[in-house]
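Protein chains in written order, with our numbering: chain G, 204 to 469; chain E, -14 to 76.
Notes follow once the structure below has been shown.
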């Protein structure tokens, strides 16, 4: 085991560490305090953390074990510092927003809702209208290209509007049950809507019941719910505030997963 | 929309219910949560290394029984929907 510090979570400095062996995830944890906060850390190799199935699951298991001890913020996978002094400096640098987020989110959970288009999986979302596909006869290559491009733009806009309509319908039922929500439209062509809902843990069952009632009414999409998860999505972003879910990597992850399941090399 | 994603749309559209749970976990753990300026390569400049590793990580998804158990609601919902559609189609 190396000497670098891998950071799992941010907690209040008086939060107890999980007992060793809890869920197989709590061995060799340590606290690095700074004022009223502390980082929950483990040891890793000097060249960083391995990227494996076990490492990602271990990260999540530790975060969840820590959160059973008290309010905690989940730290992004792969956050490694050279030593405890560097960890403390990082806490000091972002102390105020971290303290505010711990107060706001530390004991909350999130549920993830995904609406997949119910159209055949091999299509690019719902099928376009046939009249948009055929270019008028006798046109040159340039005109045909422009015609096709215009049709493509119309399909994109129509699809986005349908995704927004799905989101509005879901929000009418579920939005009032959540403390906050983040929504993104068409993060991949096969996914109409992704939403994250921030909840008090006591509200999870009521939310699931409402979801169960509304998902039966969906014909155009398959609506899936996962969680509860630690509130990863609702951390204060350093770049921009508000808006939807930062989906920069979701489509890439989706592609990696579908490639892997089809046995393709990366 | 990123053109590279458009070209891949046929594949990304093929997500299954079980895939969604795995994606939900990966997206959160790898790409969200508290961002601290870690000073070892993998956490900042090494973000791409994580994705490189994920290509390996994602292959043996059958090794995630605990994770898959969280999909129960979603899978049940989809299965029930499929059954309803089947009944309509064949009824």
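By construction, the Cβ of each residue, glycine as well, lies at the ideal position given by its N, Cα and C atoms.
Subject >> For residue 429/G, the residue or residues it bridges with in DSSP >> reply: To locate residue 429/G, count along the first chain from 1; it is residue 226. Looking at the DSSP assignment, residue 429/G forms a beta bridge with 315/G.
**OP:** Closer than 9 Å by beta-carbon distance: list the chain E residues that pair up with residue 213/G, in chain order.
**Re:** What you label residue 213/G is simply residue 10 of the first chain in a count that begins at 1. Near residue 213/G (Cβ distances below 9 Å), the residues of chain E are 19, 21.
Original post:
Taking the Cβ atom as the reference point for each residue, do residue 264/G and residue 243/G lie within a distance shorter than 7 Å?
Top reply: As a first step, residue 264/G is located in the first chain; it is residue number 61 there, counting from the start. As a first step, residue 243/G is located in the first chain; it is residue number 40 there, counting from the start. No, Cβ-Cβ distance for residue 264/G and residue 243/G is not below 7 Å.
Original post:
So, are the CB atoms of residue 272/G and residue 218/G less than 7 Å apart?
Top reply: Locating residue 272/G in the first chain gives position 69, where the first residue counts as 1. Locating residue 218/G in the first chain gives position 15, where the first residue counts as 1. Yes, the Cβ-Cβ distance between residue 272/G and residue 218/G is below 7 Å.
Original post:
Between the region 423 to 437 of chain G and the region 2 to 16 of chain E, are three or more C-beta pairs nearer than 8 Å?
Top reply: yes
Original post:
Residues of chain E with a CB under 8 Å from the CB of residue 261/G: which are they?
Top reply: Within the first chain, residue 261/G is the residue found at index 58, counting from 1. In chain order: nothing, as chain E lies at least about 10 Å away.
Subject >> Residue environment, residue 4/E, which counts as buried when at least 16 other CB atoms sit within 10 Å >> reply: What you label residue 4/E is simply residue 19 of the second chain in a count that begins at 1. Result: buried.
Subject >> Beta-carbon separation (whole angstroms), residue 320/G vs residue 395/G, contact threshold 8 Å >> reply: By one-based count along the first chain, residue 320/G stands at place 117. By one-based count along the first chain, residue 395/G stands at place 192. Yes, residue 320/G and residue 395/G are in contact; Cβ-Cβ is about 5 Å, under 8 Å.
Subject >> Cβ-based neighbour list, residue 418/G, same chain, cut-off 6 Å, excluding 5 preceding and 5 following >> reply: Position 215 of the first chain, counted from the start, is the residue given in the question as residue 418/G. Excluding sequence neighbours, residue 418/G sits near 426.
Subject >> Minimum Cβ-Cβ distance from residue 388/G to chain E less than 7 Å >> reply: Locating residue 388/G in the first chain gives position 185, counting from the first residue. Not one chain E Cβ lies under 7 Å of residue 388/G.
**OP:** State the Cα-Cα distance for the pair residue 409/G and residue 291/G, rounded to the nearest angstrom.
**Re:** Taking the first residue of the first chain as 1, we reach residue 409/G at position 206. Taking the first residue of the first chain as 1, we reach residue 291/G at position 88. Approximately 40 Å, taken between the alpha carbons.
Subject >> Opening and closing residue of the alpha helix (DSSP H) in which residue 373/G lies >> reply: Along the first chain, read from residue 1 onward, the residue named residue 373/G stands at position 170. 344 to 377 is the extent of the alpha helix (DSSP H) around residue 373/G.
**OP:** Note down the Cα distance separating residue 208/G from residue 21/E, rounded to an integer number of angstroms.
**Re:** As a first step, residue 208/G is located in the first chain; it is residue number 5 there, counting from the start. As a first step, residue 21/E is located in the second chain; it is residue number 36 there, counting from the start. Rounded to whole angstroms, residue 208/G to residue 21/E spans 12 Å at the Cα level.
Original post:
How many angstroms separate the CA atom of residue 206/G from the CA atom of residue 233/G?
Top reply: Taking the first residue of the first chain as 1, we reach residue 206/G at position 3. Taking the first residue of the first chain as 1, we reach residue 233/G at position 30. Cα to Cα, residue 206/G sits roughly 12 Å from residue 233/G.
Subject >> Status (buried if at least 16 other CB within 10 Å, exposed otherwise) for residue 226/G >> reply: Your numbering for residue 226/G matches position 23 in the first chain. Confidence at residue 226/G is low in this model, with a pLDDT of 49, below 50, so its placement is unreliable and the value that follows should be read with caution. Result: exposed.
Original post:
Looking only at C-alpha atoms, which of 372/G, 310/G, 293/G sits nearest to residue 401/G?
Top reply: As a first step, residue 401/G must be located in the first chain, where it is residue number 198. The candidate whose alpha carbon is nearest that of residue 401/G is 310/G.
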